[in-house]
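Undergrad: With positions in the sequence shown counted from 1, the corresponding number in our numbering is that position plus 2.
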Amino acid sequence: MVLVPAQRTGNTELPPDDGYTWRKYGQKDILGSRYPRSYYRCTHKNYYGCDAKKKVQRLDDDPFIYEVTYCGDHSCLTSTTPLLTLPT
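1) Would you identify the three-state DSSP class for residue 81, choosing helix, strand or coil?
2) Quick one: complete beta strand (DSSP E) runs, 3+ long, within the region 39-77?
3) Would you identify the three-state DSSP class for residue 17, choosing helix, strand or coil?
4) Of the choices 23, 6, 32, whose alpha-carbon is the least far from that of residue 55?
5) Quick one: Cα of residue 73 to Cα of residue 4, how far?
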């Protein structure tokens, strides 16, 4: 899980860019939370079998911070170098 600041200009509803290309495949209202959780998968899943996914949700206490949870690793060769360095 990584905490990432939202854009302060432009469309602040979009999650921060992490250098990969993602396709949103779902959204869910979370009980007790003011903001829904969005679900993304790597755009290259169908072509390269990349199983990387992420869950993105704004924090209730600070809507300018996103909680991003990554699941799986990118196995595709077409994704760019990530802009965010994830802790290992």
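We put the CB at the ideal spot given by N, CA and C, even for glycine.
TA: Working from what's here:
1) The sequence position of residue 81 within the sequence shown is 79, counting from 1. Since pLDDT at residue 81 reaches only 48, below the 50 mark, its modelled position is unreliable, and the value read off the structure follows with that caveat. Of the three classes helix, strand and coil, the one that applies to residue 81 here is coil, per DSSP.
2) Scanning the region 39-77 for uninterrupted beta strand (DSSP E) segments of 3 residues or longer gives 39-44, 55-60, 67-73, listed from N- to C-terminal end.
3) One-based indexing of the sequence shown puts residue 17 at position 15. DSSP, read as helix, strand or coil, puts residue 17 in coil.
4) As a first step, residue 55 is located in the sequence shown; it is residue number 53 there, counting from the start. 23 is the residue among 23, 6, 32 whose C-alpha sits nearest the C-alpha of residue 55.
5) Against the sequence shown, residue 73 aligns to sequence position 71. Against the sequence shown, residue 4 aligns to sequence position 2. If I take the Cα positions, the gap works out to 12 angstroms.
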